[in-house]
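Protein chains: 4
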Amino acid sequence: MTTNMLTHDPLIIVNFKTYSEATGKKAVDLARKIAEIGIKTGVKVGVAPQFCDLVQVVAQVDVPVFAQHVDPSAPGAFTGHVSAESVKAAGATGTLLNHSERTIKLSDIQKAVLRSRELGLLTVVCAGEVESAAAVSLLKPDMVAIEPPELIGTGRAVSKEKPDIITNSVRRIREVNPTVKILCGAGITTGEDIYTALKLGAEGFLIASGVAKASDPARVMSDLCEAANRFAERSK
Amino acid sequence: MTTNMLTHDPLIIVNFKTYSEATGKKAVDLARKIAEIGIKTGVKVGVAPQFCDLVQVVAQVDVPVFAQHVDPSAPGAFTGHVSAESVKAAGATGTLLNHSERTIKLSDIQKAVLRSRELGLLTVVCAGEVESAAAVSLLKPDMVAIEPPELIGTGRAVSKEKPDIITNSVRRIREVNPTVKILCGAGITTGEDIYTALKLGAEGFLIASGVAKASDPARVMSDLCEAANRFAERSK
Amino acid sequence: MTTNMLTHDPLIIVNFKTYSEATGKKAVDLARKIAEIGIKTGVKVGVAPQFCDLVQVVAQVDVPVFAQHVDPSAPGAFTGHVSAESVKAAGATGTLLNHSERTIKLSDIQKAVLRSRELGLLTVVCAGEVESAAAVSLLKPDMVAIEPPELIGTGRAVSKEKPDIITNSVRRIREVNPTVKILCGAGITTGEDIYTALKLGAEGFLIASGVAKASDPARVMSDLCEAANRFAERSK
Amino acid sequence: MTTNMLTHDPLIIVNFKTYSEATGKKAVDLARKIAEIGIKTGVKVGVAPQFCDLVQVVAQVDVPVFAQHVDPSAPGAFTGHVSAESVKAAGATGTLLNHSERTIKLSDIQKAVLRSRELGLLTVVCAGEVESAAAVSLLKPDMVAIEPPELIGTGRAVSKEKPDIITNSVRRIREVNPTVKILCGAGITTGEDIYTALKLGAEGFLIASGVAKASDPARVMSDLCEAANRFAERSK
Numbered sequence: 302m303t304t305n306m307l308t309h310d311p312l313i314i315v316n317f318k319t320y321s322e323a324t325g326k327k328a329v330d331l332a333r334k335i336a337e338i339g340i341k342t343g344v345k346v347g348v349a350p351q352f353c354d355l356v357q358v359v360a361q362v363d364v365p366v367f368a369q370h371v372d373p374s375a376p377g378a379f380t381g382h383v384s385a386e387s388v389k390a391a392g393a394t395g396t397l398l399n400h401s402e403r404t405i406k407l408s409d410i411q412k413a414v415l416r417s418r419e420l421g422l423l424t425v426v427c428a429g430e431v432e433s434a435a436a437v438s439l440l441k442p443d444m445v446a447i448e449p450p451e452l453i454g455t456g457r458a459v460s461k462e463k464p465d466i467i468t469n470s471v472r473r474i475r476e477v478n479p480t481v482k483i484l485c486g487a488g489i490t491t492g493e494d495i496y497t498a499l500k501l502g503a504e505g506f507l508i509a510s511g512v513a514k515a516s517d518p519a520r521v522m523s524d525l526c527e528a529a530n531r532f533a534e535r536s537k
Numbered sequence: 302m303t304t305n306m307l308t309h310d311p312l313i314i315v316n317f318k319t320y321s322e323a324t325g326k327k328a329v330d331l332a333r334k335i336a337e338i339g340i341k342t343g344v345k346v347g348v349a350p351q352f353c354d355l356v357q358v359v360a361q362v363d364v365p366v367f368a369q370h371v372d373p374s375a376p377g378a379f380t381g382h383v384s385a386e387s388v389k390a391a392g393a394t395g396t397l398l399n400h401s402e403r404t405i406k407l408s409d410i411q412k413a414v415l416r417s418r419e420l421g422l423l424t425v426v427c428a429g430e431v432e433s434a435a436a437v438s439l440l441k442p443d444m445v446a447i448e449p450p451e452l453i454g455t456g457r458a459v460s461k462e463k464p465d466i467i468t469n470s471v472r473r474i475r476e477v478n479p480t481v482k483i484l485c486g487a488g489i490t491t492g493e494d495i496y497t498a499l500k501l502g503a504e505g506f507l508i509a510s511g512v513a514k515a516s517d518p519a520r521v522m523s524d525l526c527e528a529a530n531r532f533a534e535r536s537k
Numbered sequence: 302m303t304t305n306m307l308t309h310d311p312l313i314i315v316n317f318k319t320y321s322e323a324t325g326k327k328a329v330d331l332a333r334k335i336a337e338i339g340i341k342t343g344v345k346v347g348v349a350p351q352f353c354d355l356v357q358v359v360a361q362v363d364v365p366v367f368a369q370h371v372d373p374s375a376p377g378a379f380t381g382h383v384s385a386e387s388v389k390a391a392g393a394t395g396t397l398l399n400h401s402e403r404t405i406k407l408s409d410i411q412k413a414v415l416r417s418r419e420l421g422l423l424t425v426v427c428a429g430e431v432e433s434a435a436a437v438s439l440l441k442p443d444m445v446a447i448e449p450p451e452l453i454g455t456g457r458a459v460s461k462e463k464p465d466i467i468t469n470s471v472r473r474i475r476e477v478n479p480t481v482k483i484l485c486g487a488g489i490t491t492g493e494d495i496y497t498a499l500k501l502g503a504e505g506f507l508i509a510s511g512v513a514k515a516s517d518p519a520r521v522m523s524d525l526c527e528a529a530n531r532f533a534e535r536s537k
Numbered sequence: 302m303t304t305n306m307l308t309h310d311p312l313i314i315v316n317f318k319t320y321s322e323a324t325g326k327k328a329v330d331l332a333r334k335i336a337e338i339g340i341k342t343g344v345k346v347g348v349a350p351q352f353c354d355l356v357q358v359v360a361q362v363d364v365p366v367f368a369q370h371v372d373p374s375a376p377g378a379f380t381g382h383v384s385a386e387s388v389k390a391a392g393a394t395g396t397l398l399n400h401s402e403r404t405i406k407l408s409d410i411q412k413a414v415l416r417s418r419e420l421g422l423l424t425v426v427c428a429g430e431v432e433s434a435a436a437v438s439l440l441k442p443d444m445v446a447i448e449p450p451e452l453i454g455t456g457r458a459v460s461k462e463k464p465d466i467i468t469n470s471v472r473r474i475r476e477v478n479p480t481v482k483i484l485c486g487a488g489i490t491t492g493e494d495i496y497t498a499l500k501l502g503a504e505g506f507l508i509a510s511g512v513a514k515a516s517d518p519a520r521v522m523s524d525l526c527e528a529a530n531r532f533a534e535r536s537k
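Protein chains in written order, with the numbering used here: chain D, 302 to 537; chain U, 302 to 537; chain H, 302 to 537; chain A, 302 to 537.
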């Protein structure tokens, strides 16, 4: 599957974290539900399962798959590291980097972005606030995701609770990088959250518990995708 | 496959690190060669591929498979971590912990050993010298692997260069833990290295470049396994 | 001042953490109060201020002073590290290691204990639970401090809430190290907490907020020291 | 002492790392030599000794003093951390951050810069290559220092070996931050290295072994400062 993820069309990536609801066979099931809603609504979607689950999700579901992290090291004597090569060999489309639950050194973000680019992996670099988001944008990742850590997992959406973070990030990022795709996340659970964020300038979303731990993930995913479509409709 | 790995019979685990020679499909190929020599010689063998490759190796090769590391965290909001649950769901038999290339905090070794045991994963905790090896043995892993970091990857075998480390580790470990299986590693490339180490009290081996980067891994593996058999023969 | 800290007499070390109540000149003031109570009651006491405050406390107060951490690296190109040499040059008596707020790798505990011993610095290695406490005791520090992290700073004393951790730690530590001095800590604020812990087998204490953040640190310190004396009296 | 360090005049900061030649009393001696050359030549100079040595150097030498690192945490229960408050209380003028020997997470750079600013401490954020240097400049430190890690400690000066890194960094940094003072470092040992770097656009220097481990630090320091003056002369 080769949808171009880097257009200005809304993109929704679901981060499976290490949730037991999204591990092993359940990772495949969840990815399948998300992919189906993507196809039904025409909205671009992606999934970010655990390392061990990448191969199965890639093999069994037609959806772009992201790793949740890669280490910056080249192949070699690095026991226990996650090489970008192994993620690429697993068939992944890209990787998250520097998530607030797996923050890494600035020099490692830089190296991991470069290695990923060489291997043809898309990078989504996360940042917790405005200035860091601008800073990582200078490292030329394909996407940057702004997620205030204090809202992650709360169900209180960044677009409602801290709309300024989105608008200011978009403004500051665009000053230094005119093309990086700008995602946001943290606390997003409803179509309304999505719609508001798109109005504020976001171009995509990194969502985790809102979908992965929902009692009916497909229903939530539908709600989110339909909101993205309503916004696209309005914008025409 | 359910060989009991914790007997006193020699065990040889090959660590694939992040070597490009042992990533993706090449991980499966290498694991297959190792498994075949294990069957042919009757020596217990295991492999430790990268996280992304665990599922494929488990599915395609009849050999005990170890992860190279797991994080101590329970399932949950831990983006980018390697949960023991995901490793278990991938079908792994166990995991390495605290390898010198992926050392972790003492408290995390303790937590990871406990979680792994709950999930039925065997643990191989690595240590670089005698006192640390005894210390980790107190945490009751299934196996402990002594590897002087300065010899890793050198081809200068621990059993030849630093035999005292093996004999002293065996003595100190046995004072505090009478049952943990004792592996050693670092620089081992020949059957002679294996034979010497077994004489010194080692009960198994953690080997990486010696096999994984060999021009003919099957031949090296044969050499190692035959030496293990020669030792067993002699001991009768 | 050269009281022998490693006898079986109770020892109370106050950890200043990075509390603003115990930084800069306030570190000197607090250390002086603690030293005075030590002299008045005859109980052995020590203080562990921040790195930047070591020199002043050593110069101005007659009390054994501990760093809160040292890095394992030898002197050299290690910008931003805390060398054991600099701590020794500051006149410190010893150092804490592996506190739950500054946990370090097992191999680094081992190296830091060795370097400290070479330099004549006493080491107090912390551990959060029974098995880790026994494990670090094998590395032959001068003292081990058991502090369940979940009780630190709560005012709920380990000796009341989890007496088993003390008794089991003492038992397990003594099996592998007959001489290391055994401290405990976490939540200790009253003489009664001290008395109970001594009865359970503790030989000393690592205390932080209970003294450093008390409205009247001298009064609390008196209470603690008098309890230590009551226990010593009873034991005769 | 309150020289304004942030003008465009050349500034030379000597990083003492954990060199034994620059620890304890030797830190005071070395700082004194550096300060004297600064006064004699009229060139702005600074020193960055170890944490434990800050108080003594501040008390005994009239020179701006920098810590080598601070942790981002606020005062509190952070045993073993280096609080910006303790560095400020020691009388320091500022702090280095993210040196290649003490790299930190991007989010921690951001927090440490903010805390330092609140406390009136100047920040010198280090970066190893062009894009990272630009990225950290967005976090609005007072100074940024570009040091290719592969040249640190080699005696092969960045201004000779990799002049492009200086010119490109200056250009990229100025695009996103017009005022941050731009230092460079790595391998600088002679006045000629300084002169070349100033021509390439550097406004100051972070130097370590070139001075601190020199057989005659005062002579080297003189050479460096005189080169800075020759450059200033030429520029008039």
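Think of the CB as a built atom: it goes at the ideal place given N, C-alpha and C, for glycine as much as any other residue.
- Pairing I489 (chain A) with K406 (chain U), the inter-Cα distance amounts to about 37 Å.
- Taken through DSSP and simplified to helix, strand or coil, V388 (chain H) comes out as helix.
- Annotation for M306 (chain D): no alpha helix (DSSP H) segment contains it, and DSSP assigns it neither H nor E.
- Across the region 368-396 of chain A, no CB contact with chain D closer than 9 Å is found for any residue.
- About 7 Å separates the Cβ atoms of N399 (chain D) and V437 (chain D), confirming a contact at the 8 Å cut-off.
- Of H:T319, H:S433, H:G511 and H:T308, the smallest CA-CA separation from E493 (chain H) is found for H:G511.
- Between V315 (chain A) and I340 (chain A), the CB-CB gap reaches or exceeds 9 Å.
- Leaving aside the five residues that flank H382 (chain D) on each side, the residues in its chain whose CB is nearer than 8 Å to its CB run, in chain order, D372 and S374.
- Under the three-state reduction of DSSP, G511 (chain H) is assigned to helix.
- The DSSP assignment places 423-428, 444-447 and 482-486 as complete runs of the beta strand (DSSP E) inside the region 415-502 of chain D, in order along the chain (cut-off: 3 residues).
- About 11 Å separates the CB atoms of I474 (chain U) and A503 (chain U); that is not less than 8 Å, and the two are not in contact.
- Any Cβ of chain H closer than 9 Å to the Cβ of A487 (chain U) would place that residue at the interface, and such an atom is absent.
- Interface residue (Cβ-Cβ distance to chain A less than 9 Å): E402 (chain H) is classified as such.
- Cα atoms of D354 (chain H) and T394 (chain U): separation of roughly 51 Å, rounded to the nearest angstrom.
- Counting along the chain, K345 (chain U) sits inside the beta strand (DSSP E) bounded by residues K345 to A349.
- By alpha-carbon distance to R520 (chain A), the top candidate from A:E337, A:R416, A:V425 and A:T455 is A:E337.
- The distance from the Cβ of P365 (chain A) to that of G347 (chain A) is about 4 Å, consistent with a contact at the 8 Å cut-off.
- Burial check for S516 (chain A): the Cβ neighbour count within 10 Å stays below 16, so the residue is exposed.
- Between L312 (chain H) and K482 (chain H), the C-beta gap is smaller than 9 Å, which places the two residues in contact.
- Taking 9 Å as the threshold, the shortest C-beta distance from A446 (chain D) to chain A does not fall below it.
- The way I'd put it, the region 410-419 of chain U doesn't touch the region 424-431 of chain D; fewer than three beta-carbon pairs between them come closer than 8 Å.
- Straight-line spacing of the CA atoms in T324 (chain U) and L420 (chain D) works out to 14 Å.
- Among the CB atoms of chain H, none fall inside 9 Å of the CB of L452 (chain A).
- The criterion of a C-beta distance shorter than 9 Å is not satisfied by I453 (chain D) and A498 (chain D).
- About 25 Å separates the beta carbons of V477 (chain H) and V459 (chain U), which is beyond the 8 Å limit, so they are not a contact pair.
- Spatial neighbours of T319 (chain D) in its own chain (CB-CB distance under 8 Å, excluding positions within 5 residues in sequence) are listed in chain order as Q351.
- Here the alpha carbon of I508 (chain U) sits roughly 18 Å from the alpha carbon of V358 (chain U).
- Using a 10 angstroms sphere on the CB of D363 (chain H), the tally of other CB atoms stays under 16, which defines it as exposed.
- The three-state reading of DSSP puts V371 (chain H) in coil, since its state is none of H, G, I, E or B.
- Annotation: L422 (chain A) to P464 (chain U) spans about 53 Å, alpha carbon to alpha carbon.
- Inclusion of E448 (chain A) and G486 (chain A) in the CB contact set at 9 Å is warranted, their separation being smaller than that value.
- For E322 (chain D) and A513 (chain D), the gap between their C-alpha atoms comes out near 7 Å.
- Within the region 308-342 of chain A, N316, K318, T319, Y320, S321, T324, G325 and K326 place their CB atoms closer than 8 Å to a CB of chain H, listed in sequence order.
- For E432 (chain H), the neighbours in chain U by C-beta distance under 7 Å run, in chain order, Q411, L439 and L440.
- Between the beta-carbon of A349 (chain A) and that of A378 (chain A) there is about 28 Å, and that puts the pair past the 8 Å contact cut.
- Any Cβ of chain U closer than 9 Å to the Cβ of A509 (chain D) would place that residue at the interface, and such an atom is present.
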